[in-house]
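Q: Starting off with a structure, shown below.
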Amino acid sequence: MSSGNVIRGTRIGSAPERFEQRIEPAPRRPVTYWCANDHRVRFLIAAEAEAPETWDCPRCGEPAGPDRGNPPGPARPEPYKTHLAYVQERRTPEQGEALLAEALETLRRRRGGA
Numbered sequence: 001m002s003s004g005n006v007i008r009g010t011r012i013g014s015a016p017e018r019f020e021q022r023i024e025p026a027p028r029r030p031v032t033y034w035c036a037n038d039h040r041v042r043f044l045i046a047a048e049a050e051a052p053e054t055w056d057c058p059r060c061g062e063p064a065g066p067d068r069g070n071p072p073g074p075a076r077p078e079p080y081k082t083h084l085a086y087v088q089e090r091r092t093p094e095q096g097e098a099l100l101a102e103a104l105e106t107l108r109r110r111r112g113g114a
């Protein structure tokens, strides 16, 4: 025997009981993309939305485009960069020398050297 506080016939996220209270989804249109491995990627987007130029293929991970005969090329992975490479992108050698000289001067003052 069930308790008296159970709501029967409903679940979380269920539609309203009355048909006229149901909300119509926004108009959608299908978009199809093809990757270099000839995989078809199809999904729905809003009718007024602009489709992106490329989309990642869920099967192989390569970029896919709307033209089956001319799919985009494979994505070039970003090469691994060391911490020094990132620092060198942000600073010129002159800025690096100035920072190093300033840090050495601060260290010498702390240690009591001239």
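According to UniProt numbering, the sequence shown is numbered sequentially starting from 1. The beta carbon of each residue, even a glycine, is placed where N, CA and C say it ideally should be. These numbers come from a predicted model, not from an experiment.
Give me the Cα-Cα distance between Y33 and R76, rounded to the nearest whole angstrom.
A: One C-alpha to the other measures close to 19 Å.
Q: Relative to the C-alpha of residue 151, which residue among N37, F43 and D38 is closest?
A: In the structure displayed, the chain extends from 1 to 114; residue 151 sits before or after that span and is not available.
Q: Is T106 helix, strand or coil by DSSP?
A: Note: T106 maps to helix in three-state DSSP.
Q: Just reading off the alpha helix (DSSP H) that A85 is part of, what are its end residues?
A: Note, A85: alpha helix (DSSP H), H83 to R90.
Q: Tell me whether G65 is buried or exposed, calling it buried when 16 or more other Cβ atoms sit within 10 Å of its Cβ.
A: Buried, because 16 or more other Cβ atoms sit within 10 Å of the Cβ of G65.
Q: Identify whether P93 lies in helix, strand or coil by the three-state DSSP scheme.
A: Looking at P93 - three-state DSSP - the assignment turns out to be helix.
Q: Report yes or no: do the segment 52-63 and the segment 87-95 share at least 3 C-beta pairs separated by less than 8 Å?
A: No, the segment 52-63 does not touch the segment 87-95.
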